[in-house]
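Visitor:
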Amino acid sequence: MLKILVCIKQVPDTNEIKIDPVKGTLIREGVPSIMNPDDKAGLEAALRLKDKYGANVTVISMGPMQAQEIIREAIAMGADDGYLLSDFKFAGADTLATSTALCGAIKNFEYDLVIMGRQAIDGDTAQVGPETAELLGIPQISYAASIDYKDGYFIVERKVEDRIYVLKAKAPIVVTVLGESMKPRYMNVARLIDVYRNKQINVWTAEKTNTPAEKLGLKGSPTQVKESFGKQLKAAGTVMDNLDPQEAAKVIAKTLAEKHYL
Amino acid sequence: MIETPELKAFKTLLKDFVENEVKPIAAEIDEEERFPAETIKKMADIGLLGLPFPVQYGGCGGDNKMYSLAISTISKACATTGVAYSAHVSLCCQPIYQFGTEEQKQKYLPKLLKGEWLGAFGLTEPNAGTDASGQQTMAVLEGDHYVVNGSKIFITNAGYANVYIIFAMTDKSKGVKGISAFILESTTPGFTVGKKEKKLGIRGSSTCELIFENVKIPKENLLGKEGQGFSIAMKTLDGGRVGIASQALGIAQGAIEETVKYVKERKQFGRPISAFQNTQFELADMYAKTEAARLLVEQAADAKDTGDKSLSLKAAMAKLFAAETAMNVTTRCVQLFGGYGYTREYPIERMMRDAKITEIYEGTSEVQRMVISGAVLH
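In order, the protein sequences belong to chains A and B. Residue 59 in numbering that gives the first Met the number 0 sits at position 60 of the first sequence, with consecutive numbering throughout. Residue 99 in numbering that gives the first Met the number 0 sits at position 100 of the second sequence, with consecutive numbering throughout.
Dropping the structure here:
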């Protein structure tokens, strides 16, 4: 049976975030925490493989104890098991320290496939998936729109801008999944009740990652956030439909001239 | 209700599901008088159809508080879907679970709770409405089966249900004590679904006549014992009323949500109408009433879970108050919407039409007053 690991992250629901008009910072109080949408799509990809071929799906998350909620959600959706890496030693991790911790945790498992979301809506770096694959020393396919499996190989549709690459790779590999590609299923009510009443979530400390402390958390993070600020809103652009290339070029030239760029 | 992490997750699930699957088609199924079969299927897929029953029969192991919350959340967006759900769970699955033999439970519950089958309940007849004791449908024991003749009216989920709990006279001389309950499969020869009603509200729900012409129901499908039918019907309706009270509560909550959104946007005399004291006081009254209804509904659901002997009274109070609140609130909400509220451009007129039935079915408000006063004067 296929063994699939899915890495998921708990993030603030950025749709619900408001900016403090005075300080210009994010108001995080009262903002619900959710499973990162790309990760949820990754979980859906794993569950579709499970539906189709049979698989054991295990989710892994790193975060504070409250991140157990998304592990429970994942199990209620259909994952078999879940592990939370939670330790003060992980605090303040950048993408490298996060990947290092995840890599250490992943090495405790046998697996055919590691799935991650493309990126998290709170950081938007899209680095953790590829970095983890590098650290594990296995192939990676990013920006996946679908994952299939045949005879020891994964067949992945990789969607980049205007084209789709269909790639085939031998297990084990890391795949990062595009959020918009797969509509995640709902939690199942029976599973939801079961996971809250009868299941313990496995919580692992840094020790389980078998990684020196200086490579984890803030100590293991070469990048540090200097400042966060809200993006200035730009005025909506003008859409000019149904122009042939010549007319379009004229409009562009005229607009650039009006703004003194030409 | 204390919000445990489990309940919080369940609320999130319900909200997502209703927002994405129920709300978008609520106006359409009303307009087209179309049964929302696709929504029922999706509800089955996530396990809602077996919510308050044990896992051993294919249920979810949830309780009636969760079930009540599911009905009210669904009914906030679509009361039609709410009643189809309530009829299935409260009026079909529940009596089989409560009064059925182990064989009957094994045979019917797994399919019903997984939603492979839909359930319905047939008690009302043309001449036996509030006075349900006047049953004219007859069931005569002949060898190893009962032969049933007669008809029922106003049956929710009719035509879509695979299993019906029906009531018939097995001994006319005994009056109420001569009524028996049966589990009827829709494929049984001689059973047909008759005329579909055209209704004021809950127009997507299928409400039809049932006709029995020499329908042979196997003896083993007698629910409870001969003569227990009326008692089974009344006890089933006590639970069903928690469902309808939850539906009514949902309608009121949904109407308030829509109205709050509208009054903030609608401008008159240069101000949003939410800035006027009339709007504010109307909303305050409606909100307080709806919260009171919610507490009565939660109390009744809790009584069902704990096997409280006063379930009948608590369910009657919840249904009476929630139904009248739904009617009152939706009517006032339409008024706050003004002319737009009277059009089908907004959902509020539908909510007002849907609310009315909650004062009528599964025991009219007058019946609830009889139950309550009976308990008070006891």
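Glycine included, C-beta positions come from ideal geometry on N, C-alpha and C.
Starting from the Cα of B/Ser150, find the closest Cα among B/Gly60, B/Ile216, B/Glu212 and B/Val54 and give me that residue.
Guide: B/Glu212
Visitor: Select from the segment 34 to 57 of chain B all residues with a C-beta closer than 7 Å to any C-beta belonging to chain A, and list them in chain order.
Guide: Contact annotation: in the segment 34 to 57 of chain B, residues whose CB is within less than 7 Å of a CB in chain A are Ile45, Gly46, Leu47, Leu50 and Val54.
Visitor: Do you know how far the Cα of A/Val188 is from the Cα of B/Leu47?
Guide: 7 Å
Visitor: Can you find the residues in the same chain that come closer than 7 Å, C-beta to C-beta, to A/Glu213, ignoring five residues on each side of it along the sequence?
Guide: Gly219
Visitor: Bridge partners for A/Arg157 per DSSP, in chain order?
Guide: A/Ala143 and A/Tyr164
Visitor: Spell out whether any CB of chain B is found under 8 Å from the CB atom of A/Glu64.
Guide: Reading the sequence as shown, one finds Met at residue 64 of chain A and not Glu. Not one chain B Cβ lies under 8 Å of A/Met64.
Visitor: Mind checking which residues open and close the alpha helix (DSSP H) that includes B/Phe103?
Guide: What sits at residue 103 of chain B in the sequence shown is Gln, not Phe. That run of the alpha helix (DSSP H) goes Glu101 to Lys113.
Visitor: Could you check whether the Cβ of B/Gly60 sits closer than 8 Å to any Cβ belonging to chain A?
Guide: yes
Visitor: Are B/Cys91 and B/Leu111 touching if we call contact CB-CB under 8 Å?
Guide: yes
Visitor: Between the Cα of B/Phe9 and those of A/Asp50, A/Ala168, A/Lys253 and A/Asp193, spot the shortest distance and give me the residue it belongs to.
Guide: A/Asp193
Visitor: If contacts are defined as beta-carbon pairs under 8 Å, then B/Gly239 and B/Glu361 qualify, I think. What distance do you get, rounded to the angstrom?
Guide: Rounded to whole angstroms, the Cβ separation of B/Gly239 and B/Glu361 is 5 Å, and the two are in contact under 8 Å.
Visitor: Within a Cβ cutoff of 6 Å, which residues of the same chain sit near B/Asn367, ignoring the five residues on either side of it in sequence?
Guide: Residue identity differs from the one stated: residue 367 of chain B is Gln in this sequence, not Asn. Around B/Gln367: Ala315, Lys318 and Leu319.
Visitor: Once DSSP output is grouped into helix, strand and coil, what is the label at B/Lys303?
Guide: helix
Visitor: Measure the alpha-carbon distance for B/Pro35 versus B/Val375 and round it to whole angstroms.
Guide: Cα-Cα distance, rounded: 41 Å.
Visitor: Just tell me which of B/Asn19, B/Ser67 and B/Val21 has its CA closest to the CA of B/Ala302.
Guide: That would be B/Ser67, whose Cα lies nearest to the Cα of B/Ala302.
Visitor: Taking 8 Å as the threshold (C-beta atoms), are A/Leu46 and A/Arg190 in contact?
Guide: no
Visitor: Under the assumption that A/Val113 contacts A/Val56 (Cβ atoms under 8 Å), give the Cβ distance between them as a whole number of angstroms.
Guide: Contact doesn't hold; Cβ gap of about 11 Å is too wide.
Visitor: Which residues in the same chain as A/Lys249 place their Cβ atom closer than 6 Å to its Cβ, once the five residues preceding and following it in sequence are excluded?
Guide: none
Visitor: Would you give the residue range spanned by the alpha helix (DSSP H) that B/Thr330 belongs to?
Guide: Leu310 to Phe336
Visitor: Where does B/Ser273 sit, in a helix, a strand or coil, going by DSSP?
Guide: helix
Visitor: So A/Gln245 is in the beta strand (DSSP E); what residue range does that whole segment cover?
Guide: A/Gln245 -> not in any beta strand (DSSP E); alpha helix (DSSP H) instead, spanning Pro244 to Glu257.
Visitor: Within the segment 42 to 75 of chain A, note down every full beta strand (DSSP E) run reaching 3 residues or more, in order along the chain.
Guide: 54 to 61
Visitor: Using a 10 Å radius around the Cβ and a threshold of 16 neighbouring Cβ atoms, would you call B/Thr258 buried or exposed?
Guide: Classification of B/Thr258: buried, given that the 10 Å Cβ count is 16 or more.
Visitor: Do B/Gly193 and B/Met350 have their C-beta atoms within less than 8 Å of each other?
Guide: no
Visitor: Chain B partners of A/Arg71, CB-CB under 9 Å?
Guide: Below the 9 Å Cβ cutoff, chain B contributes Pro4, Glu5 and Ala8 as neighbours of A/Arg71, in chain order.
Visitor: When you measure from the CB of B/Ala8 to every non-hydrogen atom of the ligand HEM, does any distance come out below 7 Å?
Guide: Among the components modelled here there is no ligand, and therefore nothing to report on the ligand HEM.
Visitor: Measure the Cβ-Cβ separation of B/Ala292 and B/Thr324 and say whether it is below 8 Å.
Guide: Using a Cβ distance threshold of 8 Å, B/Ala292 and B/Thr324 count as a contacting pair.
Visitor: Under 8 Å between C-beta atoms, does B/Leu117 make it to chain A?
Guide: no
Visitor: Which value, in whole angstroms, describes the spacing of the CA atoms of B/Gly121 and B/Phe166?
Guide: Each residue's Cα considered, the two are about 7 Å apart.
Visitor: Closer than 8 Å by beta-carbon distance: list the chain B residues that pair up with A/Glu68, in chain order.
Guide: Near A/Glu68 (Cβ distances below 8 Å), the residues of chain B are Pro4 and Ala8.
Visitor: Using DSSP bridges, identify the partner residues of B/Phe181.
Guide: B/Ile165 and B/Leu221
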